[in-house]
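Here the protein sequences come in this chain order: A and B.
So the first sequence is numbered by our numbering: it starts at 1 and just counts up by one.
So the second sequence is numbered by our numbering: it starts at 188 and just counts up by one.
Glycine residues also receive a C-beta, built at the ideal position from the N, C-alpha and C atoms.
Note sheet for the following structure.
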Amino acid sequence: MSVGEPGTKEPLSLEELEAVAGMRTGRKHTLSILVENKPGVLTRIAGLFARRGFNIDTLTVGPTDDDGISRITLTLDGALHPIDQVTKQLHKLVNVLKIRDLEPDDTVARELALFKVAADGTQRAEVLQAVEIFRGKVVDVTRKSLIVEITGTTDKIDAFEEMVRPFGMVEMMRTGEIAISRGRGET
Amino acid sequence: MRAVDAVMECLKAEGVDVVFGLPGGANLPTYDAFVDAGIRHVLVRHEAGGGHAAQGYAKATGRVGVALGTSGPGATNLITPITDAMMDSCPTVFITGQVRTELLGTDGFQEADTIGITMPIVKHSYMVQHPLEIPRAIHEAFYLARTGRPGPVLVDIPVDLSRAEIDYEPVTDVKLPGYQPTTEGNAKQIRQAAKALAAARRPVLYVGGGVVNANASEELVQLALAGRFPVTCTLMGLGAFPAPHEQWLGMLGMHGTRTANYAMDEADLICAVGARFDDRVTGKLSEFAPRAKFIHIDIDPAEISKNVPAHIPIVGDARQILAKLVVEYRATAAEAGRLDEWWQRIEEWRERYPLRYDDSAGTEIKPQRVIQALYEATGGDAVVSTDIGQHQMWAAQYFHFHGPRRWIQSGGLGTMGFGLPAAMGAKVGRPDDTVICIAGDGSVQMNAQELATCAQEGIAVKVFIVNNGYLGMVRQWQELFWDKRYSHVDMGQWPDFVKLAEAYGCTGLRFTDKTTLVDDIRAALATDGPVVVDVRVTREENVYPMIAPGQAARDMVG
């Protein structure tokens, strides 16, 4: 039970103490969560968010190189929720192995989106130009519409959406972000 | 052997000497295994009674309480005790039967999605999918229930899997990579806390049920004595610090003492140990302890800064941390005289605002008097459970607890009907102690069926019903906050509790005279077997003092 040399007599003033409050950071957070691949894990996480009033913006689930472990990447708004409280509550779930709150600057994040855009003769060229600029791919075409595949950051996909919406958006599908940390270390 | 026989082996390996439960179709194999298992099984009359009994057992003994139910309604009847155990961090394991696997998802007879229903209210749960998983699930359940922040763990076993033959090998190790509670407490933070305590001029130790769970009472007392710190406890913490005591301020919160609440209000440093800043403690959060800095010691990191931002957070086991904190505090050689002014202030409050009530002129019994008389009759040497409501608050105010694990409560959830089955579980766990249930006439009816269990099993609990014929706390709120427009709170004189007790095979008594109350109580306590006493009290009496909901400690009334 020893803590090394028991304390010093150097005084402390209570005024110096600062509170460690639940911070609302005001920015988007990407949490990368490793979970045991067991039945009901996703329900436990979703249930926790619902119960505590946390809103998930996007959520993706996929396998990892270990069969027994899945990765959940979810994004949420740090303006609405104290992120430390969210991660601490998540950590209490027995099947949650590891949580990383990814730093935007040290992270490569990508999302896949499919857009079905109305594009008849007159508009087609313009739409194709936008696709070109955003490095998208046309994956299906009919006389009246195109399906465009785009990958990129959420911001980039938002920008493309804004760009083509005026032409007539029929449908849009987005996967939600996956993210990986830069450098040699594991996410 | 059959998987259910392996379950029995696991229970024995976990040191389980008693379980509370009720059989049904989906756990018939389990009950067959009980015939030869050599584990005591207490047959309850309702699964909720069994669940609360397991809680009472756990709270009174510190060991894991176990309750069983069948599928469907058996499991749903356990929902209240499971939630209760979650709210109060009570180490419990619930084992439920489930329909056979081929019926799962087909709305089979007595099928309920027990795992789904209980997900938000368990620490963890196991849906067994293969008979070989059963032993490991049981052991992990016990490990999770009693370690870290304790809580309820549920194991749901489909009936066909429980009958399967398996090669049982004892499980000796539990490995849960995602579950590694911090117990030690950061040494630097502990030292910082010691320095802060040494610098404080108006400190208070604010103690919760976590200290009881961690068996940290001795260490708490050492710290309090080392620094001459004033101590207050939450409802759940009562007994963690021995009362009465010169450093004891009484309970804090909505119906706490003025002294405790005013001390929190004026404190410059509050050291919270195993407490979670519940709304019944803080009142209006923005005006809670406005001058104070906070040390927060808790086993659950998610509690730190959840409601009130902590200045010195320390995550870990209260017992280990307090032991180190005492050493570190002594090393600061803080000068005890710095608290003289603070103690003077506290003494003023104590003198000016003692707990008080107007006694009746005649023989009528005031409810507060019942508690005082119980304390006098027992000398405080008893395990006491209560239900929820006015009688509970009076018990918290007027009974003094000399040590931990004598005060059996449903604190967080506030479950009416908790008291009797919890007392039953406590008595099973501590057969040599006097176990009293202080009940409300409303609450006790919610699990009165367990009197039959007590009679059959010879569980000699002594139930004192503080009978005012009302849902008293609701009536009080209607009186104070709803212009005395009483709506459905009058329960009249039904049932006749003496006859009810006798019908269940218990001794039934009725007390109406305050002058003989202490002697009458002594006689009731000396009566063999379970005893139910209908104590008729003043009908419209209010619990004071009170911080009205959403108000600050400063605004206490009554």
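8 Å Cβ cutoff met for V315(B) and I321(B): Cβ distance < 8 Å, so V315(B) and I321(B) count as in contact.
Quick one: residues in its chain with C-beta nearer than 7 Å to the C-beta of I491(B), no 5 flanking neighbours on either side, listed in chain order? H483, D485, A497, P500, V502.
Beta-carbon of I302(B) versus every beta-carbon of chain A: anything under 8 Å? Output row for I302(B): interface = yes.
Near T95(A), which residues of its chain fall below 6 Å by C-beta distance, leaving aside the five closest residues on each side in sequence? It is Asn, not Thr, that sits at residue 95(A) in the sequence shown. Correct list, in chain order: V35, E36, K38, V41.
List the residues of chain A that M314(B) touches, going by C-beta distances under 8 Å, in chain order. Neighbours of M314(B) on chain A, chain order: P39, G40.
Neighbour list for H311(B) in chain A, Cβ cutoff strictly below 7 Å: Correct list: V94.
Does L236(B) come within less than 8 Å of chain A when only Cβ atoms are used? Looking at the sequence shown, residue 236(B) is not Leu but Gly. No, G236(B) lies away from the interface with chain A (no Cβ there is under 8 Å from its Cβ).
Against T151(A), what residues of chain B qualify as contacts under a CB-to-CB distance less than 9 Å, listed in chain order? Chain B residues near T151(A): none, gap ~31 Å exceeds 9 Å.
Just to check my reading of the structure: L422(B) and G440(B) have Cβ atoms closer than 8 Å, yes? What is that Cβ distance to the nearest angstrom? In this structure L422(B) is in contact with G440(B), their Cβ atoms being roughly 7 Å apart against a cut-off of 8 Å.
What residues are listed by DSSP as bridge partners for M173(A)? Bridge partners of M173(A): L114(A).
Buried or exposed, going by whether 16 or more other CB atoms sit within 10 Å of the CB of W181(B)? Within the shown structure, residues of chain B are numbered from 188 to 745, placing residue 181(B) beyond reach of any answer.
Alpha-carbon to alpha-carbon, R723(B) and E551(B): Approximately 8 Å, taken between the alpha carbons.
What does a CB cutoff of less than 8 Å around D204(B) pick up in its chain, not counting 5 residues either side in sequence? Same-chain partners within the cutoff: I226, R227.
Check whether the segment 576-583 of chain B touches the segment 646-663 of chain B, counting contact only when three or more Cβ pairs, one atom from each stretch, lie closer than 8 Å. The segment 576-583 of chain B, when compared against the segment 646-663 of chain B, does touch it at the 8 Å Cβ threshold.
Which term fits P337(B), buried or exposed, when burial requires 16 or more other beta carbons within 10 angstroms of its beta carbon? Under the 10 Å beta carbon count, P337(B) is surrounded by 16 or more other beta carbons and is classified as buried.
Interface residues of chain A facing V382(B) [CB-CB closer than 8 Å]: Checking the sequence, you will find Lys at residue 382(B) rather than Val. Within chain A, the residues placing a beta-carbon under 8 Å from that of K382(B) are G7, E10, P11, L12, ordered along the chain.
Please classify P390(B): does DSSP put it in a helix, a strand, or coil? P390(B): strand per DSSP, three-state reduction.
Whether Y330(B) touches A413(B) by CB criterion (8 Å): In this structure, A413(B) does not lie closer than 8 Å to Y330(B) by Cβ.
To the nearest angstrom, how far is the alpha carbon of P732(B) from that of W581(B)? Rounded to the nearest angstrom, the two C-alpha atoms are 11 Å apart.
Can you confirm whether K156(A), when its beta carbon is compared against all beta carbons of chain B, has any partner nearer than 8 Å? No, its Cβ sits nowhere closer than 8 Å to a Cβ of chain B.
Scan the segment 357-372 of chain B for residues whose Cβ lies nearer than 7 Å to a Cβ of chain A and list them as they occur along the chain. Cβ contacts with chain A come from L363, P364, G365, Y366.
Which runs of the alpha helix (DSSP H) fall wholly inside the segment 461-485 of chain B and span at least 4 residues, in chain order? Fully enclosed alpha helix (DSSP H) runs of 4 or longer: 466-469.
Counting only beta-carbon separations shorter than 8 Å, does E18(A) have a partner in chain B? Yes, because at least one Cβ of chain B sits closer than 8 Å to the Cβ of E18(A).
Is it buried or exposed, A713(B), if we count other Cβ atoms within 10 angstroms and call 16 or more buried? Classification of A713(B): exposed, given that the 10 Å Cβ count is below 16.
Could you list the residues in the segment 320-347 of chain B with a C-beta less than 7 Å from some C-beta on chain A, going in chain order? Taking 7 Å as the Cβ-Cβ cut-off against chain A, the residues of the segment 320-347 of chain B that qualify are L331.
I'd like the list of long-range same chain contacts for R143(A), defined as Cβ closer than 8 Å, with 5 residues on each side in sequence excluded. D120, listed in sequence order.
Which of the three DSSP states is assigned to N214(B) in this structure? Judged by DSSP in its simplified three-state form, N214(B) adopts helix.
Just tell me which of G212(B), M273(B), V231(B), L255(B) has its CA closest to the CA of G599(B). Looking at the Cα atoms, M273(B) is the closest of the given residues.
Within 8 Å, do at least three Cβ pairs link the segment 196-212 of chain B to the segment 41-53 of chain A? Flag = no, the segment 41-53 of chain A and the segment 196-212 of chain B do not touch.
Given Q297(B) as reference, the closest of A213(B), R532(B), R415(B), T217(B) once Cα atoms are compared: Looking from the CA of Q297(B), the closest CA among A213(B), R532(B), R415(B), T217(B) belongs to A213(B).
Taking just the CA atoms, how far does S181(A) sit from S32(A)? Looking at the two C-alpha atoms, the distance is approximately 10 Å.
Within 10 angstroms of its Cβ, does V460(B) collect 16 or more other Cβ (buried), or is it exposed? Classification for V460(B): buried.
Quick one: what does DSSP say F54(A) is sitting in, helix, strand or coil? Looking at F54(A) - three-state DSSP - the assignment turns out to be coil, as it is neither helix nor strand.
Are E234(B) and N264(B) touching if we call contact CB-CB under 8 Å? Yes, the pair counts as a contact, with Cβ atoms nearer than the cut-off.
C-beta atoms of R445(B) and W536(B) nearer than 8 Å: The Cβ-Cβ distance between R445(B) and W536(B) falls below 8 Å.
Backbone CA spacing between E201(B) and F481(B) [nearest angstrom]: Rounded to the nearest angstrom, the gap between the Cα atoms of E201(B) and F481(B) is 38 Å.
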